[in-house]
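Residue numbers (our numbering): 365 to 600. For reference, the structure is listed below as structure tokens.
Below, the structure written as structure tokens:
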């Protein structure tokens, strides 16, 4: 059984595309699977849309991405866990590639990413530089990660003392148990953060994460880019 866990807060405009992409990808892989949406205090139609899309919904009230992912893992029934963000779409190759990596002995993995729409030049430059450094360090992106349940439990899951960058710390923990795979086929994820925020805000928040250290990640208060709740009116 494969379990796909989607953390969600007010994702009525994006989540159906994410769920549909999972159904298509998992069906192609030919393995039994489930989709578990963790609704974290949504006030919109997220639950209704997720249920209509064939997902099982688990509700929490934490407003924390790490806690939502962990809650989904606890509720999941599968022995392989996929974590997919609500504004992200995957393809069949991500499921088959992940299963092949795990069968080859990898402790877990992630994938490169591509934005869903054309973005300004500053975004392309910024994202290109970020990805060059980030993937050179062989770190996973939170929008898509996979591992076996027993491995996930062995490292303690996502560290809930962090409100951002929790995927990087999970990657480091997984790498202690085996090779961490980065799939070459990119996932498609929303560029809404850079569309809805100014370059100065994105850069300031990014530098705050880089130079603020672990202490900066332990409260959502200054992590507006992740927790301000801004949403676009359509997934496009």
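All residues carry an ideal CB built from backbone N, CA and C; glycine is no exception.
For residue 453, which of helix, strand or coil comes out of DSSP? The count along the chain shown starts at 1 and reaches residue 453 at position 89. The answer is strand: DSSP assigns residue 453 an E or B state.
Drop a sphere of 10 angstroms on the beta-carbon of residue 396, count the other beta-carbons inside from all chains shown, and report buried for 16 or more, exposed for fewer. The sequence position of residue 396 within the chain shown is 32, counting from 1. In the assembly as shown, residue 396 is an exposed residue. Its beta-carbon has fewer than 16 other beta-carbons within 10 Å.
Whole-angstrom C-beta distance between residue 513 and residue 448, which should lie under 8 Å: Reading the chain shown from its first residue, position 84 is the one you call residue 448. Reading the chain shown from its first residue, position 149 is the one you call residue 513. With a Cβ gap of about 16 Å, residue 448 and residue 513 do not count as contacting.
My output table needs one value for residue 594: the three-state DSSP class, helix, strand or coil. Locating residue 594 in the chain shown gives position 230, where the first residue counts as 1. Coil at residue 594, not helix or strand.
Looking at the structure shown, is residue 526 part of a helix, part of a strand, or coil, going by DSSP? Within the chain shown, residue 526 is the residue found at index 162, counting from 1. In the structure shown, residue 526 sits in coil (DSSP, three-state: anything other than H, G, I, E or B).
Which class does residue 516 belong to by DSSP, given the choice of helix, strand or coil? As a first step, residue 516 is located in the chain shown; it is residue number 152 there, counting from the start. In the structure shown, residue 516 sits in a helix (DSSP, three-state: H, G or I).
Of the residues 483, 379, 571, 520, which one's Cα is nearest the Cα of residue 595? Taking the chain shown and counting its residues from 1, the one referred to as residue 595 is at position 231. For residue 595, the nearest C-alpha among the options comes from 379.
In the DSSP assignment, the alpha helix (DSSP H) including residue 436 goes from what residue to what residue? As a position in the chain shown, residue 436 is number 72, starting the count at 1. Annotation for residue 436: the continuous alpha helix (DSSP H) segment containing it runs 429-439.
Given a cut-off of 8 Å on the beta-carbon distance, is the pair residue 427 and residue 533 in contact? The residue given as residue 427 occupies position 63 in the chain shown. The residue given as residue 533 occupies position 169 in the chain shown. Residue 533 sits away from residue 427, with the two beta carbons spaced by 8 Å or more.
Let me know the secondary structure DSSP gives residue 475 once reduced to three states. Position 111 of the chain shown, counted from the start, is the residue given in the question as residue 475. Strand.
Inspect the beta-carbon positions of residue 527 and residue 478 and report whether they are closer than 8 Å. Position 163 of the chain shown, counting from 1, holds the residue named residue 527. Position 114 of the chain shown, counting from 1, holds the residue named residue 478. No, these two residues do not count as a Cβ contact at 8 Å.
Near residue 475, what residues of its chain come up, given a Cβ to Cβ distance below 7 Å and the 5 sequence neighbours on each side ignored? In the chain shown, residue 475 corresponds to position 111, counting from 1. Contacts found: 458, 508, 546, 547, 549, 550, 551.
Below 8 Å on the Cβ atoms is my contact criterion, and I expect residue 433 with residue 522 to pass it. Report the Cβ-Cβ distance as a whole number of Å. Numbered from 1 along the chain shown, position 69 holds the residue referred to as residue 433. Numbered from 1 along the chain shown, position 158 holds the residue referred to as residue 522. Right, the Cβ-Cβ distance comes to about 5 Å (below 8 Å), so this counts as a contact.
C-alpha gap between residue 586 and residue 555, whole angstroms: The count along the chain shown starts at 1 and reaches residue 586 at position 222. The count along the chain shown starts at 1 and reaches residue 555 at position 191. So the alpha carbons of these two residues sit roughly 21 Å apart.
Indicate whether the contact test is met: 3 or more Cβ pairs, each with one atom in the region 487-499 and one in the region 385-395, closer than 8 Å. Below 8 Å, too few C-beta pairs join the region 487-499 and the region 385-395 to call them touching: fewer than three.
Counting only runs that start and end within the region 382-419, where is the alpha helix (DSSP H) found for 4 or more residues in a row? Listed in chain order, they are 410-416.
Looking only at its chain, what residues have a beta carbon closer than 7 Å to the beta carbon of residue 480, apart from the 5 residues adjacent to it on each side? Position 116 of the chain shown holds residue 480. Excluding residues up to 5 positions away in sequence, 552, 553, 554, 555, 600 lie with their Cβ nearer than 7 Å to the Cβ of residue 480 in the same chain.
Ordered along the chain, which non-local residues of its own chain (more than five positions away) have a Cβ less than 7 Å from that of residue 424? Here the question's residue 424 lines up with position 60 in the chain shown. Around residue 424: 402, 404, 431, 432, 435.
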